[in-house]
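Written below as structure tokens is the structure these notes are about.
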Amino acid sequence: MSNIPETGRTSRVTVRLVAIQILVFSLLLTLGGRLWYLQIRNGDEYAAEASGNHVQQVVDPAVRGSILDARGIPLADNETRLVVSASRTALMKMDDEGKAVLTRLAHVLGMSYTDVKNKVRLCDAKTPQPCWNGSPFQPIPITDEATTQQALKIRESSEDFPGISAEPTAVRRYPAPAKGQTSQVLGYLSPVTDEEIKKAEHTNSPFLRSDMVGRSGLERTYDSALRGKAGVTRYQVDNLGRVMGKAKSDPARPGDNVVTSIDARVQAVAEKELHAAMVEARKQHDRNTGTNYKADAGAVVVMENKTGRVVSMASQPDYDPNAWVGGISAKDYAKLTGKKSNYPLLNRAIQGQAAPGSIFKVISSSAAVNAGYDFNGRYNCSSSYNVGGQVFKNFESENYGPISLGRALEVSCDTVFYDLAYKQWVKDGGNKPKDPKDWFYKTAHQFGLGKETGIDLPNEVKGRVPDREWKKDFWKANKDSWCKTGKKGGSYVERLAYESCLEGMKMRAGDSVNYSIGQGDTLVTPIQMATIYSAIANGGTLHDPTIGKAIISADGKKVREIAPKSHGKLPDTPKTLQQIDKALAGVATRGTAAWRFQNWPQKQIPMHAKTGTAEVYGKQTTSWFATYTKDFTIVMTISQGGTGSGASGPAVRKIYDALYGVDAKGKIHKDKALLSKPQANLPKIDRDGNIESGKLTKPIVNDEKKPEGAVQ
Amino acid sequence: MTSSYAIRRYAPDRGVWSKLTARDSVVWRLDWILLFACLALSLIGAVLVFSATRNRIELNHGDQYSYVLKHLLNTGIGVALAAGTVWLGHRTLRGAVPILYGLSLVLSVLVLTPLGATINGSRSWLAIPGGLSLQPAEFAKITITLGMAMVLAARVDAGDREHPGHRAVMQALGIALVPIAVIMLMPDLGSVMVLGTIVLAVLLASGSSNRWVIGLLTLGVVGCLAVWQLHLLDDYQIARFAAFANPSLDPAGVGYNTNQARIAIGSGGLFGAGLFQGSQTTGQFVPEQQTDFIFTVAGEELGFLGAGLIIFLLGVVLWRACRIARESSELYSTIVAAGIIAWFAFQAFENIGMTLGIMPVTGLPLPFVSYGGTSMFAVWIAIGLLQSIKAQRPVSA
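Chains as they are written, first to last, in this note's numbering: chain A, 3 to 714; chain B, 25 to 421.
If you want it as structure tokens, here you go:
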């Protein structure tokens, strides 16, 4: 190259060429730097964006599993309905925010515009039901009861209904076999909320936008099993949404079926009889208040003694669980949650608590024996008992003179237990307690009171044992208001507050005396009492009550049985248990419940019972009735219902009649018995994996008014 | 040395092959690095074009090889045109510049007649029989360079002046302005930007007075502002600029191209998704991917290494071109080389820059890599010119 003379360039040109070269390479460096920035520095971000670009999810919702009774009869299943839903996003894009469309839609569906509009509004702190608490991007169901004509009308003139769809969809159904609704036990579903989606995002069972979630009852407890898993197919798509390939596919796994220990027939009888008993109680005159009994709430539990399985659980007032399906209306919601309807959503068998009254005496008897008293000793059953100037009456019985503890149970003598409790209180140091043994309180705890039984239903309440600790805590929490309102020599309430302010932290003699017969501050739930009485029947095992019996996969291939569990033993020796058992049989044959078990085939089916009538300040008495046979325990309670045997007796008797097929004369018809012994086997699963459903046989009906011949 | 040189050169009995392989043959004096870099870019381009078009049935009509084969054919024709250019020599062509310039101008004007075809809002294509089409603006890049160089270098290469005079500069600007005006009418804004850069570089390299260079730069800036203020741009062009200034603006609309392009490149990472594995590419998320957005295929499927290689190879081409410009013995050759450098450099920067989101979107191909016949022919002719300049002997020899 040296032979080329430098004629073409002056120094000006050379300088400028160098400048051009520098400029050119700085441009290239800029490109390289920017490339590094995009690909290396921020590469991950763009990679994520790219993958989101190309994947479309198609969700195939899982069919929710059924809830079946012990013989395979569906208590909750699904049906296909025409669901009309609205896309909120589409509506909000319209100039009038969808008013015109919703008005047309309301007209077609025969609903009011306000109803339709309320269904598509979003829930927030200020918005009352009905409102949509699911994702705003998800179609919001307006009705699931569209007729074929309505659906066709919407579909055919789709240009009039932008954002509205009408599709057949599987929706929950609560068929109420034999008219047993099982409302509170089954629970209900509502759409998943944003928070729940976020919370479950990284768990094994993440939610989909369209998911319905069990909110109470079995629907909630067994939600993850029942829900199954929606199928998600991720398709790789191109820019026009054309499918290029399947990226990933999780097939839908339909929800498992839950077989329960509920017997639909017994459930129906229990619901009917509980309701009838309450209706009957409202006709009875209450001498204490001078009005008829209000019988505002009640519950009954039928439980298997050897397993703790619940055969039936009814709570009044109840409701039709189908009200929740497809979004609840404002009217229904107000009805279900209002004070006027007395909160039918509450399952009073596990969420209703009241003083137990005399059915508590089995605990007091055990406490006395454990404290060293002889069960067969002689204890004075006087007509009243005086403690420090305060007279405690014998509520349910008269003066029987010296009797055994067993007899005291039979005739429900209060004064025997007053005396025992008072003596223990004195022994524990009285008003200046010194290392107190607290046998009566300790025993209550040992019987499982004051804590949940562990039933497989959500939100069970604990009840309360008013022991020294509770008294102290309660006083601390309330002393300020007591001391403020309390007045020496004022009204009853004021005097009580005054006393409580001064001495509320102390276990007084009166507290212990009252406590021994299940009155005062003690609170129990029906399920707790059923657990205790079935423990007495089974030799002392306190079971965790269960309703779920087995979880069976949709194809019927996987069966996971739910084994009975226990949370302890009764603190009684076998001998004491036998003695109590015998005494409770005496209650049914010659004691306070005998008049309700006339003509009962006691030899074939030994019946045990205990009545209870608990006083509640400012209210009418609570009726309690705890009974058991070899296999079943039935506990019933009616709030403001009157006496134990009076209000609850006939209903419990009728449930037993139906269970064992006993007619009014006490004859057992084995063929008419609904369940003469617990259902041991799970329902059969046929070759296709379907669970076979038992027949809804009709129970024996012993209506006093009808002649014998009318019994079917 | 000189004697044997002469004897061999004029030996009458030698065929073409021995002529080519002779020690003094032009073949030895070619810039092989430049040639290989250009070939490498064209072949990488073939692979990328294949990846971008093999799934686009609406383009390839079921023949997934149609685009890559045409690209290879274009490359072959381009190389042949380059060889022809070398064979003729840039000095021979210097004499034919007025004819070439006139021809190119006529083609450009024809685009504005009913013979022209509009693609992507720009009427810059000339339909010719046989279903082919030409983009005369590509040739204008060469002919304007040659025309300006001819006028600017005439007096200097003749030894009359040290630098071009004002008159020569004005003549040169006139030569440039006429075709630029025509292309502006199409309107092909991208090409106008390239041509403007070429004009600047040519004036710079010619050694023209600083006043001209600064004046022209000022004019360019003022012109841009005027165009903007007087709304002389079409809506689609404004939209592209707006999307450039704010890429997150309307990602489904105007910003779509840039957004998708950036996602494609960004997702490539260091090694890329692998050839034919890029989901942005196979999913056809980037429009015009075989032509203007070809770089996104490299970015996504070959990653930083592959895309970086393309920038590197372009760097090699420009490095060799700069060398040739510096070492040429005539001002004419220097100016031509500088024009070509400006053209390649700006076009590559604009093309890659727009896929990286640092330049507004205009319809410019990436030299050698993009699919497109006219562009391929033009850049190879330019390479032919550079090679010819490299291989030139001193005028005095």
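Don't be surprised by glycine CBs; every beta carbon is placed ideally from N, CA and C.
Proximal chain B residues relative to residue i, where beta-carbon distance stays under 8 angstroms
i: THR12(A); result: GLU186, HIS187, GLY231
Per-residue contacts from residue i into chain A (C-beta, under 8 angstroms)
i: ARG286(B); result: LEU40, TYR48
i: ILE335(B); result: LEU30, LEU33, GLY34, LEU37
i: CYS346(B); result: LEU19, ILE22, GLN23, VAL26
i: GLY164(B); result: Checking the sequence shown, residue 164(B) turns out to be Ala, not Gly. Here the premise fails: no neighbours, minimum Cβ distance about 21 angstroms.
Residues sharing a beta bridge with residue i, DSSP
i: THR262(A); result: GLY550(A)
i: PRO193(A); result: MET214(A)
i: MET315(A); result: VAL303(A)
i: ILE142(A); result: ALA88(A)
i: LEU525(A); result: ARG466(A)
i: VAL110(B); result: The partner list for VAL110(B) (beta bridge, DSSP) is empty, contrary to what the question assumes.
Per-residue DSSP class, three states only, for residue i
i: ASP583(A); result: helix
i: CYS346(B); result: helix
i: GLY214(B); result: helix
i: ALA30(B); result: The predicted position of ALA30(B) is uncertain, since its pLDDT is 41 and thus under 50; a value taken from the coordinates is nonetheless stated next. Correct three-state label for ALA30(B): helix.
i: CYS125(A); result: coil
i: VAL664(A); result: strand
i: LYS414(B); result: helix
i: ILE405(B); result: helix
i: ARG147(B); result: strand
i: ALA369(B); result: helix
i: SER167(A); result: strand
i: VAL173(A); result: strand
i: ASN294(A); result: strand
i: LEU220(A); result: helix
i: GLY233(A); result: strand
i: LEU544(A); result: strand
i: GLY102(B); result: helix
i: GLY289(A); result: In the sequence as presented, Gly is not what sits at residue 289(A); that position holds Arg. DSSP places ARG289(A) in coil when its eight states are reduced to three.
Within chain B, partners of residue i - CB distance below 7 angstroms
i: ALA92(A); result: Those within 7 angstroms of ALA92(A) in chain B number zero; the least Cβ separation is about 17 angstroms.
is_contact[residue i, chain E] using C-beta, thresh 8 angstroms
i: LEU176(B); result: The chain labelled as chain E is not found among the protein chains of the depicted structure, namely A and B.
Which listed residue (the options) has its alpha carbon closest to that of residue i
i: THR613(A); options: ARG174(A), PRO193(A), LEU411(A); result: LEU411(A)
i: SER230(B); options: GLU354(B), VAL110(B), LEU201(B); result: GLU354(B)
i: PHE60(B); options: VAL340(B), VAL403(B), ARG347(B); result: VAL340(B)
i: GLN314(B); options: SER148(B), TYR89(B), VAL110(B), GLN253(B); result: TYR89(B)
i: TRP52(B); options: LEU63(B), VAL110(B), ASN98(B); result: VAL110(B)
i: GLN448(A); options: LYS474(A), PHE377(A), GLY403(A), GLY542(A); result: GLY542(A)
i: LYS674(A); options: ILE702(A), ILE657(A), GLY648(A), ALA682(A); result: ILE702(A)
i: SER185(A); options: ARG217(A), LEU154(A), SER159(A); result: ARG217(A)
i: ILE361(A); options: VAL637(A), LEU77(A), LYS679(A); result: VAL637(A)
i: GLN269(A); options: ALA180(A), THR631(A), ARG311(A), PHE599(A); result: ALA180(A)
i: GLU197(A); options: GLN681(A), LEU210(A), TYR115(A), TYR190(A); result: LEU210(A)
i: ASN516(A); options: GLY67(A), THR417(A), ILE457(A); result: THR417(A)
i: LYS478(A); options: MET507(A), PRO468(A), THR487(A), SER493(A); result: MET507(A)
Chain-ordered chain B contacts of residue i [CB-CB under 9 angstroms]
i: ASN44(A); result: GLY290
Partners in chain A for residue i, counting only beta-carbon separations shorter than 7 angstroms
i: GLY327(B); result: GLN41
i: ILE365(B); result: ILE22, VAL26
i: LEU369(B); result: Here the sequence assigns Ala to residue 369(B), which means Leu is not the residue at that position. Within 7 angstroms Cβ-Cβ: VAL26, LEU29.
i: ILE376(B); result: LEU33
Interface partners of residue i on chain A, CB under 9 angstroms
i: LEU338(B); result: LEU30, LEU33
Completely contained beta strand (DSSP E) runs for the stretch 393–475 of chain A, where each covers 3 or more residues: The stretch 393–475 of chain A contains these whole beta strand (DSSP E) runs: 403–405.
Completely contained alpha helix (DSSP H) runs for the stretch 552–640 of chain A, where each covers 4 or more residues: Segments of the alpha helix (DSSP H) lying fully in the stretch 552–640 of chain A: 576–591.
Length-filtered (3 minimum) beta strand (DSSP E) runs lying within the stretch 71–107 of chain A: Along the length of the stretch 71–107 of chain A, whole beta strand (DSSP E) runs at least 3 residues long occupy 76–88, reported in chain order.
Ordered list of beta strand (DSSP E) runs contained in the stretch 356–396 of chain A, each at least 3 residues: Runs of the beta strand (DSSP E) inside the stretch 356–396 of chain A: 381–383, 386–389, 392–395.
Sequence ranges, alpha helix (DSSP H) only - wholly within the stretch 60–84 of chain B, length at least 4: Runs of the alpha helix (DSSP H) inside the stretch 60–84 of chain B: 81–84.
In chain order, each alpha helix (DSSP H) run of at least 4 residues that lies wholly inside the stretch 155–195 of chain B: If we require 4 residues or more, the alpha helix (DSSP H) runs fully inside the stretch 155–195 of chain B come out as 160–181.
4-residue-minimum alpha helix (DSSP H) runs that sit fully inside the stretch 205–250 of chain B, ordered along the chain: With a minimum length of 4 residues, the continuous alpha helix (DSSP H) runs that stay inside the stretch 205–250 of chain B are 213–230.
Ordered list of alpha helix (DSSP H) runs contained in the stretch 650–701 of chain A, each at least 4 residues: If we require 4 residues or more, the alpha helix (DSSP H) runs fully inside the stretch 650–701 of chain A come out as 651–662.
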